[in-house]
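Here the structure comes first, spelled out in structure tokens, and everything after it is commentary.
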């Protein structure tokens with residue numbers, strides 16, 4: 177299986193933004209778009225429909241899960257580790273692009289560079 181990822185940090189000349197995934201298998205391709213269509217192309221075509229309300233339903237679901245965890249006294253917070261890894265992967269890609277070279281995971285974890293966000297314009 178191959179997995180494709182692409183991202184952009186510019187307006188894109190009118191192209192839609194969003195999270196899109198394409199997974200290639202020996203019998204087909206799964207294409208998903210966050211808030212958009214879900215399709216399997218290949219030997220067994222499947223038009224899965226659209227994920228049109230995912231932003232609202234996702235937020236509602238996350239809030240409900242958070243509330244339940246607090247009420248149940250469950251403070252495990254299992255989303256922290258994958259969220260940290262996701263952010264580190266983004267930083268790895270940024271570093272490799274800026275330095276125009278391959279950067280290893282181990283090298284990134286040893287790096288002591290501080291990245292400070294620009295929070296100008298956010299409400300207090």
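In the numbering used here, the protein residues as written are 177 to 300. For glycine and all other residues, C-beta sits at the position ideal for the given N, C-alpha and C.
Proximal residues to residue i (C-beta, below 8 Å), its chain only, five neighbours per side dropped
i	result
residue 253	245
residue 261	none
residue 203	218, 219, 220
Cα-Cα separation between residue i and residue j, rounded to whole angstroms
i	j	result
residue 278	residue 201	27 Å
residue 255	residue 238	11 Å
residue 236	residue 227	15 Å
residue 298	residue 292	15 Å
residue 283	residue 263	16 Å
residue 225	residue 286	44 Å
residue 243	residue 259	19 Å
residue 270	residue 276	10 Å
Residue range of the beta strand (DSSP E) that includes residue i
i	result
residue 224	222 to 226
residue 216	213 to 218
residue 206	204 to 209
Contacting residues, own chain, Cβ-Cβ under 7 Å from residue i (five flanking each side not counted)
i	result
residue 194	209, 210, 211, 212
Endpoints, alpha helix (DSSP H) assigned at residue i
i	result
residue 242	230 to 248
Residue i in three-state terms, based on DSSP
i	result
residue 197	strand
residue 254	coil
residue 273	helix
residue 286	helix
residue 294	coil
Contacts around residue i, its chain only, beta-carbon distance under 6 Å, and the 5 residues preceding and following it disregarded
i	result
residue 196	209
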